[in-house]
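See structure below.
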Amino acid sequence: MFLIVAKYLIPKGYRGMALFPFVLVKYDFDKTNGAFVNHEKIHLRQQLEMLVLPFFIWYVLEFLIRLIQYKNKDLAYRNISFEREAYTKETDLNYLKKRSFFQFLHYIKLK
Numbered sequence: 001m002f003l004i005v006a007k008y009l010i011p012k013g014y015r016g017m018a019l020f021p022f023v024l025v026k027y028d029f030d031k032t033n034g035a036f037v038n039h040e041k042i043h044l045r046q047q048l049e050m051l052v053l054p055f056f057i058w059y060v061l062e063f064l065i066r067l068i069q070y071k072n073k074d075l076a077y078r079n080i081s082f083e084r085e086a087y088t089k090e091t092d093l094n095y096l097k098k099r100s101f102f103q104f105l106h107y108i109k110l111k
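Number 10 in full-length UniProt numbering belongs to position 10 of the sequence shown; there are no gaps in the numbering.
What follows is the structure, encoded as structure tokens:
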């Protein structure tokens, strides 16, 4: 993992993003925020297990489905299965040591 401060590459309203093998953060202080970095590391693991490109295709498709479902971009984003897993487990700094493959599938909401 390469942690890079890239203030102008992060979309408005967000503080960071994972683009395997990089984690881009908007603010320097987030490099030491354990839960924040762990959240992004969870995304790196998701990307790696899906061979990167399929992750982004799934991510965008699920976002579009959730946007139709919720009619709200913030709710759509928060209910993407990848985000649900990352937000739920971001404070468990040992999570990636015990996480099984494709764990994000447990966070898919069918309704």
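Idealized CB from N, CA, C, for every residue including glycine.
- Assignment of beta strand (DSSP E) within the region 72-103, counting only whole runs of 3 or more residues, yields no such run.
- Within the region 15-78, the runs of beta strand (DSSP E) that reach at least 3 residues and sit entirely inside it are, in chain order, 16-19 and 22-25.
- As DSSP reads the structure, leucine 3 sits in a beta bridge with Val23.
- In terms of Cβ geometry, serine 81 and isoleucine 108 form a close pair [threshold 8 Å].
- Here lysine 89 is near isoleucine 42, since their CB atoms are less than 8 Å apart.
- It is roughly 23 Å from the alpha-carbon of leucine 9 to the alpha-carbon of asparagine 79.
- Counting of Cβ neighbours within 10 angstroms places glutamine 69 among the exposed residues, the total staying below 16.
- For glutamine 46 and asparagine 72, the gap between their C-alpha atoms comes out near 24 Å.
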